[in-house]
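Read in order, the letters of the sequence shown are residues 213 to 600 in this note's numbering.
Yeah, the Cβ is synthetic: ideal placement off N, Cα and C, and Gly gets one too.
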Amino acid sequence: MFKAGVGSQIINPPPGVSLGGYFHERIWTEVHDDIMAKALVLDDGAARASIPIHRDKTTVAIAVCDLQAIMGKEVAKARELASQATGIPTGNIFISATHTHTGPQVRRNRSVPTSEEYLDKLPQMIADAIIQANASLKPATLRLGEEYEDRLAFNRRFRMKDGRVVFNPRKQDPDILGPAGPIDPQINVLRVDDEAGRPIAILANYACHPDVMGGNEVSADFPGESSRIVSSVYESKPLVIYMQGAAGNINHRDIANPDPQKGPAEVKRIARILAGKILGASELSEPMEGKPLTVSSAILDIAYHPLTDELRAKAEATRKNPDAHIFDVSQADQIENYRKDGKKAAVEVQAIRIGETAVVGIPGEYFVEYGLSIKEFSPFDQTFVVEL
């Protein structure tokens, strides 16, 4: 029999902190909706064949933050704090971000500054959500469901008539031939019910950039709004946790739609559609067998992008162009200050088997093609691919 517990903490930044997600500084003005660290702890209580007499168990914690990203330093500290308080091994703690573009800047050495004060406090807030979840463990049934939605997400790279591949070109540009890649329409849902059959948690996994709200207000964007809608439908008010899929080249921007597709009204529209699909998957979900939890992870050495002559020439051309876009100026800054040529990054990939499904954690903003490939080669019919 599984046990499950949930916890959450508000992680809003203090006044004066810059928002991340764009290439110019935005000091937040007010909180449109709270950003959260949400946690689910699962315990399988399973017997291990290697210890036939003693009844052992595996406990895992899954925490998702309404942030643009979460860096290795903060992940390591949050794991350490949570493990010390709960006994959950650090390697069994899974931490990711939704990628909202209206949360505090958390990535160092970017054109927009971070708040070290906020980053110092962030690990404890995440750990507190995990600690709260661990303290609320109770018998639970896990259910697995899925839905599909192919009208909200769009590949944001396009092939042009002149042979180029362009990122987010002008809407309805007559020189667009078509998208340069696919989307992933699958919505994975893991529902956790208490002994009375009432949902206490719903994990929803979908691939689409949360850059809809815009502006200078703190917001969890459509992942937060859709989560609130789904939770409000049930009397038990489950904790709904949105897990971002492989959305590195996927966003909500319909190139054929001339409207701006920005702001609170568009957030609500997307959230309502997505919430409807999540609810459908929840209501049609099937109980999973009580198979043990298992965890696996690996550290991979990945080469950084080489500093090529083509990149140097691009930066030089940008500096000579007085009308250069702020995105290109930011890229020129990165190229001119690049110190990682020839170096490698040690990055973690992590997988948690939960009954008849798995959650696969991948670093960075993965392109959808790679997420689809993971799903294709997974031994499970449904695999939650979670970036960042």
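Can you give, in chain order, each stretch of the beta strand (DSSP E) that sits fully within the segment 403 to 461 and has at least 3 residues?
411 to 418, 451 to 456
Tell me which residues share the same chain as Ile511 and place their Cβ nearer than 6 angstroms to its Cβ, disregarding the 5 neighbours each side in the sequence.
So the qualifying residues of the chain are Ala558, Glu560.
Return the chain-ordered list of same chain residues with a C-beta closer than 8 angstroms to the C-beta of Tyr473, the five sequence neighbours on each side being excluded.
One point to set straight first is that residue 473 is Gln, not Tyr, in the sequence displayed. Val424, His464, Arg465, Asp466, listed in sequence order.
Distance check for Val229 and Phe214, CA to CA, integer angstroms please.
Approximately 41 angstroms, taken between the alpha carbons.
Contacts around Arg355, its chain only, beta-carbon distance under 7 angstroms, and the 5 residues preceding and following it disregarded
Arg403, Asp405, Ser497, Glu498, Pro499, Met500
If Pro339 and Leu252 are in contact, beta carbons under 8 angstroms, what's the gap, nearest whole angstrom?
The sequence given here places Ala at residue 339; Pro does not occur at that position. Contact flag wrong, Cβ pair sits at about 14 angstroms.
Tell whether a beta-carbon distance below 7 angstroms holds between Ala515 and Lys556.
Yes, the Cβ-Cβ distance between Ala515 and Lys556 is below 7 angstroms.
Beta-carbon within less than 7 angstroms of His266's beta-carbon, same chain only, minus the 5 sequence neighbours each way: which residues are those?
The pLDDT assigned to His266 is 40, lower than 50, so where the model puts this residue is not dependable; a value taken from the coordinates is nonetheless given after this. Around His266: no qualifying Cβ.
Quickly, what does DSSP pair Asn400 with across the bridge? List them, please.
Glu358, Asn417
Boundaries (first-last residue) of the beta strand (DSSP E) holding Lys215
It spans 214 to 222 - the beta strand (DSSP E) in which Lys215 sits, taken as one unbroken run.
Mapping the DSSP letters down to three states, classify Lys552 as helix, strand or coil.
coil
Is Ala416 closer than 7 angstroms to Thr396 when the C-beta atoms are compared?
The sequence shown places Asp at residue 396, not Thr. Not closer than 7 angstroms, so no.
Span of the beta strand (DSSP E), counted from its first residue to its last, around Arg322:
Careful: Arg322 lies outside any beta strand (DSSP E) and carries neither H nor E.
Using the rule of at least 16 other Cβ atoms within 10 Å of the residue's Cβ for burial, across every protein chain shown, is Gly219 buried or exposed?
buried
Ignoring anything shorter than 4 residues or poking outside the segment 510 to 572, list the alpha helix (DSSP H) runs there in chain order.
521 to 532, 538 to 548
Three-state secondary structure (DSSP) of Leu364
In the structure shown, the three-state DSSP call for Leu364 is coil.
For Asp255 and Pro504, the rounded distance between their alpha carbons
9 angstroms
Within the chosen definition, does the segment 437 to 450 reach the segment 361 to 373 through at least 3 CB pairs nearer than 8 angstroms?
no
Could you check if His236 is buried or exposed, using at least 16 other CB atoms within 10 Å of its CB as the buried criterion?
Answer is exposed; the Cβ neighbour count stays below 16.
Using only CA atoms, which one of Lys285, Met372, Ala275 lies nearest to Gln384?
Cα-wise, what sits closest to Gln384 is Met372.
C-beta contact flag for Gln543 and Asn400 at 7 angstroms
In this structure, Asn400 does not lie closer than 7 angstroms to Gln543 by Cβ.
Taking 7 angstroms as the limit between beta carbons, can you name the residues of its chain near Thr298, skipping five residues before and five after?
Ile342, Ile343, Asn346
In terms of DSSP beta bridges, what is Thr622 paired with?
Since the first residue shown for the chain is 213 and the last is 600, residue 622 is missing from the structure and cannot be characterised.
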